[in-house]
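In full-length UniProt numbering, the protein residues as written are 1 to 204.
Cβ coordinates follow ideal geometry from the N, Cα and C atoms, glycine included.
Quick notes on the structure that follows.
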Amino acid sequence: MKLRLPGRRDRAAATPVPDDAADLTPQLVKASGKGRPTPKRVEAQGRRPGPPPPPPTTRKEAYRRTREQQASRRAQTRAGMARGDEQFLPARDRGPVRRLVRDVVDSRRNAGSFFLGVAALVLVGYFIPNPAVQSYTVFVWFFFFLAIVVDSVFLGRRIKKKVLERFPGQPHRMRGLVWYGISRATMIRRWRFPRAEVPIGADV
């Protein structure tokens, strides 16, 4: 028979025991630093990269691998430029201001985008041995060139307005931005690079 001194309690009786021991399992897992169950061996092996390819045995094979790697990098760069990824774009296309200028151009129909088609018709008209057709060709070319100039003036004003509204209080080289937008407007929409991200008529 054990003797118990007065004023002392058993340590086991003094320690509170939780009613539901299963509630401590998430806390223990979180305290261990994992926060998730250990993956199975098959899953872990499936995520590991495969073994590196063996080194080339001939000079021709090494040259072929180099060309394949260069072609893969060029394709990746071109895809990144097409979707407007900043890390792949050249310096002239980077930045939110240039992106805004592209959106302004792509959201409207530009007279300059018909330049190649009209130029082809004018070139064909010059080779037709008919003075009347050649004179009409000259008039068509003149009026189309005038339309491009007028449309470029309106486009430049719209670019300036949008840039100052969206990015006020910043130093902008407006002449360079306007020329950047006009040069993009003279390209056919499907050939523009980076690709158009807004539809025609969108509120930019």
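Beta-carbon proximity list for residue i, same chain, < 6 Å, skipping 5 on both sides
| i | result |
| --- | --- |
| residue 148 | 111 and 112 |
| residue 178 | 156 and 159 |
| residue 190 | none |
Span of the alpha helix (DSSP H) around residue i
| i | result |
| --- | --- |
| residue 159 | 131-166 |
| residue 188 | No alpha helix (DSSP H) holds residue 188; DSSP gives it neither H nor E. |
| residue 119 | 115-127 |
| residue 100 | 96-106 |
Neighbour-count burial assignment, residue i, 16 or more Cβ in a 10 Å radius
| i | result |
| --- | --- |
| residue 60 | exposed |
| residue 62 | exposed |
| residue 132 | exposed |
| residue 181 | buried |
Nearest candidate by alpha-carbon position, reference residue i, set the options
| i | options | result |
| --- | --- | --- |
| residue 152 | 129, 56, 108 and 130 | 108 |
| residue 251 | 173, 187 and 144 | No statement about residue 251 is possible, as the shown extent of the chain runs from 1 to 204 and does not include it. |
Proximal residues to residue i (C-beta, below 8 Å), its chain only, five neighbours per side dropped
| i | result |
| --- | --- |
| residue 103 | 197, 198, 202 and 204 |
| residue 125 | 133, 134, 136, 137 and 140 |
| residue 163 | 97, 100, 101, 172, 174 and 177 |
| residue 121 | 137 and 140 |
Neighbourhood of residue i by C-beta distance below 7 Å, restricted to the same chain and skipping five residues each side
| i | result |
| --- | --- |
| residue 56 | 62 and 65 |
Cβ-Cβ separation, residue j to residue i (assumed contact under 8 Å), whole Å
| i | j | result |
| --- | --- | --- |
| residue 94 | residue 86 | 6 Å |
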